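There are 2 protein chains.
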Amino acid sequence: MLIVQKYGGTSVGSPELIRRVAGRVAHLRASGNEVVVVVSAMGDATDRLVDLAREICAVPVPRELDALLATGEQVSVALLAMALNASGVAARSYLGTQVRVRTSDVHTRARIEAVETGRLRDALGAGFVPVVAGFQGVAASGDITTIGRGGSDTTAVALAVALKADECQILTDVDGVYTTDPRMVPDARRLERLSYEEMLELAGQGSRVLHLRSVEFAAKYGMVLRVLPSHGEGGGTLIDREGRGVEAPLVSGIAFNRDEAQVSVARLPQSADLAYRLLQPVAAANIEVDMIVLNANGDGTADFSFTVHRDDHVEAMRLVASAITVHPHATVNGTDRVAKLSLVGVGMRSHAGVAARLFETLANAGIAVRLISTSEIRISVLLEETALEVAVRDAHRAFGLSGND
Amino acid sequence: MLIVQKYGGTSVGSPELIRRVAGRVAHLRASGNEVVVVVSAMGDATDRLVDLAREICAVPVPRELDALLATGEQVSVALLAMALNASGVAARSYLGTQVRVRTSDVHTRARIEAVETGRLRDALGAGFVPVVAGFQGVAASGDITTIGRGGSDTTAVALAVALKADECQILTDVDGVYTTDPRMVPDARRLERLSYEEMLELAGQGSRVLHLRSVEFAAKYGMVLRVLPSHGEGGGTLIDREGRGVEAPLVSGIAFNRDEAQVSVARLPQSADLAYRLLQPVAAANIEVDMIVLNANGDGTADFSFTVHRDDHVEAMRLVASAITVHPHATVNGTDRVAKLSLVGVGMRSHAGVAARLFETLANAGIAVRLISTSEIRISVLLEETALEVAVRDAHRAFGLSGND
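Below, the structure is given as structure tokens:
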């Protein structure tokens, strides 16, 4: 098998951990597999580099920020290649500029356009384990680019697709994808298998195991993903097209997110461009909007709500307040003491009643729902933040996700 | 004027110092000059990277050590380019692989073979200040190489030569080249001008202002070098072909070196291959030999001495002891409590009596000379380490080098 393995920052956070990763790669190699390794920067190295840049100036030029940040992964690939060689596995480090991982020229958030495989194939053919720097690439100009936080997952999938690998393994500090965060619900269960769609909804809704873009990329090319614990045995979650297929339960998992803030406008005169006029200035300020709900009251007025990241709440409130000054009766309200809970599962597609059972569960616990949004395989509700923990536990039990069900 | 400026590690040791360097470059640019900047790694960054590699394994593979060490300069060029842009000077960082500084493929001590100037000329033409990573290059294979400690000086001179710059300025934490180390002799004087030859002897004999290879390189191509203080005004030492010409005094400066250790063999049967047989195993062990003295006693025996770096003393003693086991009467002696003093000056060439005056000065102070070696413009003596300070001060006065002479 040709396997691409990606190790995240916490998995290579110290020389000791890097030597352990080398041991694991050596083992996989000794079992007769061809291996390509992708590595992130060590521990909090990227944060420390960002802090250093901030000491130079408040807004560093993006081209130079990329050149600076790329050193984080360069350090870890060099150290892991040293560790592999020291444990008897011939290995060579490769940077984004060396492989060439070709990207767009948008610094700090470039998109991978193509991965050249010549050097990697030569290295594999000569018996080397290529150790490739994640997160970084090269623009047509020859400049170093980076592809945004969490980008190493995407580098790994892009390499796996380009090399036609048998699977792409993401090794991390958890042993797989769970029905919900085990820190909140102790009897949360590890999921053996998931579909790309389910993983996308879980990742997008705040589950931090895999980066969203990497799952989209894998889904697009049908690359099999496997989440595994980087240190320790067993476990893991397989993510592919099938998921659990016809055996899929109603709900596969529950994601939640505490970073939400709500902005609401009541009693706006209804008009076709109402949502546009309120959201356009928010979008123009580069503020990402998550849930959007509009409700017509039937008396010619409408209520409108949306959620943003908490860091953007004050600015979003200000922008919306300016946008509605022409309507004397309209009022803007908002709070950043809210959290979002999402049920995810391909089973929802063909089964009604998931929403009803969720609302019943929340009502029994006396928890009010502030906003609702849905997709084909997801239902999300916005709640008071103080109610989140009870809501996740009760829903986890109500949908039969707990370990002893 | 087109000026290449090189800033060493202590000059860019913190974000605050990097901003000060940016201010200085901005000033030079505002005076109507074209500027290319070469930078070393910040402060002790290279040492910290070497320590990190040692935590992975005792002897890291050289290819990966180079990839690791190159991050040190990558960090400083990115930060300096940010600082320049922040202070209104358009600037772009370039790595050895981007410029391309082409080197041999001997990792950790590659030789610069050629510097491509296309990208730098384009950047200059477009009004940018190129900020180039010192110490690093790229092998024909595309692998990152480094050119050895102190290599950034050599990078700067190579760039200046390739770009046909008007001069190459080395900015450092001292304000010029002195008649001797001012920490030892408080009234040591700064030299306004020196010839390449004198600087080579001073650099080679332990004066740490400039790296030896960079002076050789400048001498070969006649590139004017100027040593300047990186923070603070004035001063400086100009180094070119002329030096002070006919006005040159007998002695320009005194260098000294405390890293010496002596190995001596007495009463060896004299033979044509004596020096070869003793030094060959030392050279084979990659131990650098500095002074070499052989004295035939006239009775068919000879005494032989040489000096090595103190770190290599034990090993050199062992190798020589093995080499002479066939000679029962020969004895090996050695000490690492010695130091070397060197007088340097083009004036020596045409004036006899320098050695005599030196020996007189040392004799007056009761200091014994253990070894002597000479070149056309230098005379070096090996002394007890405890006598070094008095010897340097007395010689500094005897040759009229002190500030108030």
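Each protein sequence line maps, in turn, to chains A and B. Its first residue numbered 1460, the first sequence is counted upward by one per residue in this note's numbering. Its first residue numbered 1460, the second sequence is counted upward by one per residue in this note's numbering. For glycine and all other residues, C-beta sits at the position ideal for the given N, C-alpha and C. Given the structure is predicted, the values throughout are model-derived calculations rather than measurements.
query, result
"Which residue spans inside the segment 1758-1807 of chain B form an unbroken alpha helix (DSSP H) run of at least 4?", "1772-1782"
"The alpha helix (DSSP H) with A/Q1739 in it runs from where to where?", "1733-1743"
"What does B/G1601 touch in chain A if you count any residue whose Cβ is under 7 Å from its own?", "Q1557"
"Measuring alpha carbon to alpha carbon, tell me which residue in A/T1469, A/L1661, A/A1540 is nearest A/V1805.", "A/L1661"
"Does any C-beta atom of chain A lie closer than 8 Å to the C-beta of B/E1523?", "yes"
"Between which two residues does the alpha helix (DSSP H) containing B/I1606 stretch?", "Element bounds for B/I1606: n/a, residue is neither H nor E."
"From B/R1685 to B/T1696, what distance separates their C-alpha atoms?", "6 Å"
"I need the DSSP call for A/M1750, collapsed to helix, strand or coil.", "strand"
"Fully enclosed by the segment 1495-1564 of chain A, which alpha helix (DSSP H) runs are 4 residues long or longer?", "1504-1515, 1521-1545, 1555-1558"
"Going by beta-carbon coordinates alone, are A/L1800 and A/S1711 separated by less than 8 Å?", "no"
"At what residues does the alpha helix (DSSP H) containing A/E1656 begin and finish?", "1655-1663"
"For the 8 Å Cβ check, are there 3 or more pairs between the segment 1506-1518 of chain A and the segment 1632-1642 of chain A?", "no"
"Report yes or no: is there a C-beta of chain A within less than 8 Å of the C-beta of B/E1514?", "yes"
"From this set, B/T1790, B/I1746, B/G1825, B/V1496, which residue's C-alpha is nearest B/S1552's C-alpha?", "B/V1496"
"Taking the Cβ atom as the reference point for each residue, do A/A1780 and A/V1797 lie within a distance shorter than 8 Å?", "no"
"Applying a beta-carbon distance threshold of less than 8 Å, which residues of chain B neighbour A/Q1533?", "A1526, L1527, A1529, T1530, Q1533"
"Any beta carbon of chain D sitting closer than 8 Å to that of A/R1478?", "No chain D is present in this structure, whose protein chains are A and B."
"Between the segment 1537-1567 of chain B and chain A, which residues of the former have a C-beta closer than 8 Å to a C-beta of the latter?", "A1537, L1538, A1540, M1541, A1542, N1544, A1545, R1551, S1552, L1554, T1556, Q1557"
"Straight-line CA distance for A/D1864 to A/H1855?", "Unreliable positioning characterises A/D1864 in this predicted model, as indicated by a pLDDT of 42, which lies under 50. A coordinate reading is not provided."
"At which residues does the beta strand (DSSP E) containing B/G1596 begin and terminate?", "1595-1597"
"Do three or more CB pairs link the segment 1664-1674 of chain B to the segment 1602-1620 of chain B at distances below 8 Å?", "yes"
"Among the residues of its own chain, which have a CB less than 7 Å from the CB of A/R1700, if the five just before and after it don't count?", "S1654, Y1655, G1681"
"Quick one: what does DSSP say A/N1756 is sitting in, helix, strand or coil?", "coil"
"Pick from B/Q1533, B/D1602, B/L1543, B/K1623: whose alpha carbon is nearest that of B/E1575?", "B/K1623"
"How would you list, in chain order, the residues of chain A whose beta-carbon sits under 8 Å from the beta-carbon of B/L1511?", "P1474, V1534, L1538"
"Does DSSP classify B/S1884 as helix, strand or coil?", "Only positions 1460 to 1864 of chain B appear in this structure, which leaves residue 1884 of chain B out of reach."
"Determine the chain B residues that contact A/P1519 at a beta-carbon separation under 7 Å, and present them in chain order.", "M1541"
"Assign B/M1460 to buried or exposed, taking buried as 16 or more other Cβ atoms, counted over all protein chains shown, within 10 Å of its Cβ.", "exposed"
"Tell me which same chain residues have a C-beta within less than 8 Å of the C-beta of B/I1826, skipping the five on either side of it?", "L1842, E1843, A1846, V1849, A1850"
"Which word fits A/G1547, buried or exposed, when buried means at least 16 other C-beta atoms lie within 10 angstroms of its C-beta?", "exposed"
"How big is the Cα-Cα spacing for A/V1591 and A/L1539?", "10 Å"
"Can you tell me which of the three DSSP states B/D1864 falls into?", "Legend: pLDDT at B/D1864 = 42, less than 50; position of this residue unreliable, value from coordinates given subsequently. It is coil, neither helix nor strand."
"Does the beta-carbon distance from B/V1471 to B/S1535 come in below 8 Å?", "yes"
"Looking at the strands, I want to know which residues DSSP matches up with A/Y1466.", "A/V1498, A/L1630"
"Which residues does DSSP pair with A/R1685 in a beta bridge?", "A/Q1628, A/L1697"
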